[in-house]
Amino acid sequence: TYEKSKRQLMVVDLQGVFKINRDGRKVYELTDPVIHKRRTSRNKAVKKCSFGRTDRGEKGMQAFFETHKCTEACKLLGLREVDA
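Numbering of the sequence shown is given in my numbering, commencing with residue 8 and proceeding in unit increments.
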């Protein structure tokens with residue numbers, strides 16, 4: 008979300024379960040996301056959004072990058088390394 012939103016949004020803290028649907032498809036059902044939003048966004052649609060009390064904005068994004076270590080998963084997703 009960080010790259011796709013041009014660094015304006017970040018989804019973190021996803022939780023979820025693996026399950027098999029009635030039609031036999033295997034899926035991950037992800038719930039309870041925390042979304043951090045940059046407050047200085049120039050995008051009007053992003054400015055209007057509110058993601059609740061867990062949205063820590065740029066401080067939340069910075070906290071994520073202070074502890075994140077890129078792994079093979081990041082490479083498989085085609086994500087670029089970001090300086091904290």
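Built from N, CA and C at the ideal position, the CB exists for glycine as well.
A quick note: this is a predicted structure, and the numbers were derived from the prediction, not measured.
How would you label Lys5, buried or exposed, when you count the other beta carbons within 10 angstroms and need 16 or more for buried?
Past the edges of the chain, shown from 8 to 91, lies residue 5, and the structure says nothing about it.
Find the nearest neighbour of Phe25 within the set Thr78, Thr38 and Val19, judged by alpha-carbon distance.
Closest by alpha carbon: Thr38.
Rounded to whole angstroms, what's the CA-CA distance from Tyr35 to Asp20? Just pull it up for me.
About 15 angstroms.
For a minimum of 3 consecutive residues, which ranges assigned as the beta strand (DSSP E) are wholly contained in the segment 15-68?
Here the runs fully enclosed are 16-19, 22-27, 33-38 and 41-44.
Using a threshold of 9 angstroms, state whether the C-beta atoms of Ile42 and Lys33 are closer than that.
No, the Cβ-Cβ distance between Ile42 and Lys33 is not below 9 angstroms.
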